[in-house]
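Visitor: Quick one: the structure is below, questions incoming.
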Amino acid sequence: MKITSVETFHVQHQLPKAIGPSTYFYDYRDALLVKISTDEGLVGWGETAPMAGTRGIIEKELAPRLIGQNPLEHRRLWRQLWGPNFGNGLAVGAVDIALHDIWGKALNLPIAELYGGRLRERVPAYGSALSYTRGVDAEKQYPADAIALVEQGFRSIKLRIGGLPLKQDYKVARAVREAVGPDIQLSADGNGAYSLGTAIQMGRMLEELEYSWFEEPLPQPNYAGYEVLTEKLDIAIAAGEALQSRGEFKEVIERRAMDIVQPDPCLCGGIRECLFIGEMARLWSIQCVPHCWSGTIVIAAVMHVLALLPDASWARTTETPLLELDVVENPFRDKIVTNPFRLQDGFVAVPTGPGLGIEVDEEALMHYVI
């Protein structure tokens with residue numbers, strides 16, 4: 000089998016209202032999709048974020064090295080992909096996911112079975128995220144949105160904080176806790192909104208409200224200062240979505256900069272790399288909950304990773320890795336595949352079809368290409 004083409008598609012969807020985290024509002028959702036075709040008719044799909052010159056790297060540097068190659072020689076190809084791109088995990092991530100999709104289809108196996116068999120048939124999901132909406136009072140919006148998610152079947156929810164003054168954000172977090180009650184797991188994403196001092200203050204407030212984790216509170220790209228948070232706070236600190244390689248993750252794991260590590264296969268170099276990072280984190284007893292703020296292609300990739308990651312311990316009752324299921328309007332999650340993922344009793348079933356286990360509707364996809 001030989002690779003005959005590598006195509007990229009930048010897709011975009013206008014949102015009815017501007018939403019966002021603590022740092023900015025955005026008016027649209029977008030993604031960069033990759034389609035790898037072969038001379039035997041098999042096609043693999045990948046996805047990543049359309050940033051940092053990623054599309055140019057894929058088209059000008061990676062594609063020429065893939066054309067004419069056997070997509071099943073994954074280990075050799077994966078190593079070659081890193082050489083010419085100066086460590087861009089986003090570019091490699093998209094291509095790696097597509098190569099995994101072809102690999103599974105060629106062997107008529109789901110990706111999880113390529114690694115020796117899944118550990119679970121379904122994964123628990125958390126609703127992500129209650130986001131600020133321009134011109135809307137978060138103290139009223141967030142509790143209503145949280146109740147709606149519980150009614151849909153979510154037993155775990157993440158909200159974005161840091162966009163309001165500290166005491167006001169505390170009121171929002173408290174209002175959500177009061178709205179959903181004590182049995183719903185809650186977590187909060189700061190998106191780099193805090194200084195070290197205010198992060199500690201907010202972390203203690205979240206502890207009081209029995210939130211499970213405090214995500215990405217500090218803005219430093221190398222996660223400087225995070226080890227202070229893990230030392231001073233009882234609430235788990237979750238981070239790592241911005242890191243693009245196993246080497247970067249090893250550095251933050253060794254200094255215990257986080258209690259929960261969050262690699263994203265479309266940002267850190269792909270499915271195999273995400274698994275490697277999760278297993279590496281276990282050596283330090285650090286839990287892995289992958290980041291996932293993308294469309295169906297990345298959701299499928301993350302679900303196969305989650306099917307393979309062990310629980311946190313051998314106990315009968317322990318933490319099972321969670322799927323971050325984006326609930327913000329996104330046609331790349333719901334409209335470009337024939338069978339979108341559905342939540343049932345707080346869980347999502349891991350795909351059982353070959354490769355990623357999804358079927359991309361290319362005609363629907365073309366409506367969003369820019």
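Under numbering that gives the first Met the number 0, the first residue of the sequence shown carries the number 0, and numbering increases by one thereafter. Here a beta-carbon is modelled for each residue, glycine too, at the ideal position from N, C-alpha and C. Given the structure is predicted, the values throughout are model-derived calculations rather than measurements.
Taking C-beta to C-beta, are Gly92 and Cys265 nearer than 9 Å?
Guide: Locating residue 92 in the sequence shown gives position 93, where the first residue counts as 1. Locating residue 265 in the sequence shown gives position 266, where the first residue counts as 1. Yes, they are a contact pair.
Visitor: Work out the CA separation of Glu318 and Ile285 for me, nearest whole Å.
Guide: What you label residue 285 is simply residue 286 of the sequence shown in a count that begins at 1. What you label residue 318 is simply residue 319 of the sequence shown in a count that begins at 1. Using only the alpha carbons, I get a separation of about 12 Å.
Visitor: Determine the extent of the beta strand (DSSP E) in which Ala145 is found, giving its start and end residues.
Guide: Counting from one through the sequence shown, the residue named residue 145 turns up at place 146. Not the beta strand (DSSP E): Ala145 falls in the alpha helix (DSSP H), residues Ala137 to Gln151.
Visitor: For the alpha helix (DSSP H) containing Leu76, name the first residue and the last one.
Guide: Counted from its first residue, the sequence shown places residue 76 at position 77. Note, Leu76: alpha helix (DSSP H), His73 to Trp81.
Visitor: Using DSSP bridges, identify the partner residues of Asp95.
Guide: Here residue 95 corresponds to residue number 96 of the sequence shown, with the count starting at 1. DSSP output for Asp95 lists no bridge partner at all.
Visitor: Taking the continuous alpha helix (DSSP H) assigned at Val297, which residues delimit it?
Guide: As a first step, residue 297 is located in the sequence shown; it is residue number 298 there, counting from the start. Where Val297 is concerned, the enclosing alpha helix (DSSP H) starts and stops at Thr295 to Leu307.
Visitor: Let me make sure I understand the geometry here. Which of Met279, Thr22, Ala143 and Gly191 has the alpha-carbon closest to that of Val171?
Guide: Here residue 171 is taken as the residue at index 172 of the sequence shown, counted from 1. Residue Ala143 is the option with its Cα nearest to Val171.
Visitor: Can you list, in chain order, the residues of its chain whose CB lies under 6 Å from that of Phe8, leaving out five sequence neighbours each side?
Guide: Locating residue 8 in the sequence shown gives position 9, counting from the first residue. Leu32 and Val368.
Visitor: By Cβ distance, which residues of its chain are closer than 6 Å to Ser21, with the 5 residues on each side in sequence left out?
Guide: Working through the sequence shown from its first residue, we reach residue 21 at position 22. If we look at Ser21 and ignore the five residues flanking it on each side, its Cβ neighbours are Gly161, Gly162, Asn190 and Ala192.
Visitor: Going by DSSP in three states, Thr53 sits in which element: helix, strand or coil?
Guide: Position 54 of the sequence shown holds residue 53. Three-state result, Thr53: helix.
Visitor: Who are Val122's beta bridge partners in DSSP?
Guide: For the purposes of this step, residue 122 is identified with residue 123 of the sequence shown, where counting begins at 1. For Val122, which the question treats as bridged, DSSP gives the partners Val347.
Visitor: Report the rounded CA-to-CA distance for Lys104 versus Pro353, giving the unit in angstroms.
Guide: Locating residue 104 in the sequence shown gives position 105, counting from the first residue. Locating residue 353 in the sequence shown gives position 354, counting from the first residue. Cα to Cα, Lys104 sits roughly 5 Å from Pro353.
Visitor: Using CA coordinates, which residue listed in Ala128, Gly345 and Arg75 is at the minimum distance from Arg121?
Guide: For the purposes of this step, residue 121 is taken as residue 122 along the sequence shown, with counting starting at 1. For Arg121, the closest C-alpha among the options Ala128, Gly345 and Arg75 is that of Gly345.
Visitor: According to DSSP, what are the bridge partners of Pro264?
Guide: Within the sequence shown, the letter at position 265 stands for residue 264. Bridge partners of Pro264: none, in fact.
Visitor: Let me confirm a value: Val135 is counted as buried when at least 16 other C-beta atoms fall within 10 Å, else exposed. Which label applies?
Guide: Here residue 135 corresponds to residue number 136 of the sequence shown, with the count starting at 1. The residue is exposed, with fewer than 16 neighbouring Cβ atoms inside 10 Å.
Visitor: Any chance you could list the beta strand (DSSP E) runs of at least 3 consecutive residues sitting entirely within the segment 209–259, in chain order?
Guide: 212–214 and 235–238
Visitor: Assuming contact is defined by CB atoms lying nearer than 9 Å, are Ala223 and Leu205 in contact in what I supplied?
Guide: What you label residue 223 is simply residue 224 of the sequence shown in a count that begins at 1. What you label residue 205 is simply residue 206 of the sequence shown in a count that begins at 1. For Ala223 and Leu205, no; Cβs fall outside 9 Å.
Visitor: Just checking Lys104 against the ligand PLP - is the residue's beta carbon closer than 8 Å to any of the ligand's heavy atoms?
Guide: In the structure on display, the ligand PLP does not appear, and there are no ligands present to speak of.
Visitor: Quick check: the Cα distance between Asn329 and Ala30, rounded to an integer number of angstroms?
Guide: One-based indexing of the sequence shown puts residue 329 at position 330. One-based indexing of the sequence shown puts residue 30 at position 31. Roughly 10 Å between the two C-alpha positions.
Visitor: Exposed or buried, Ile66, counting other C-beta atoms within 10 Å across all chains shown (16 or more means buried)?
Guide: Here residue 66 refers to the residue found at position 67 when the sequence shown is read from its first residue. Classification for Ile66: exposed.
Visitor: Could you tell me the distance, in whole angstroms, from the CA atom of Ile335 to the CA atom of Glu230?
Guide: For the purposes of this step, residue 335 is taken as the residue at position 336 of the sequence shown. For the purposes of this step, residue 230 is taken as the residue at position 231 of the sequence shown. Spanning the two alpha carbons is a distance of roughly 44 Å.
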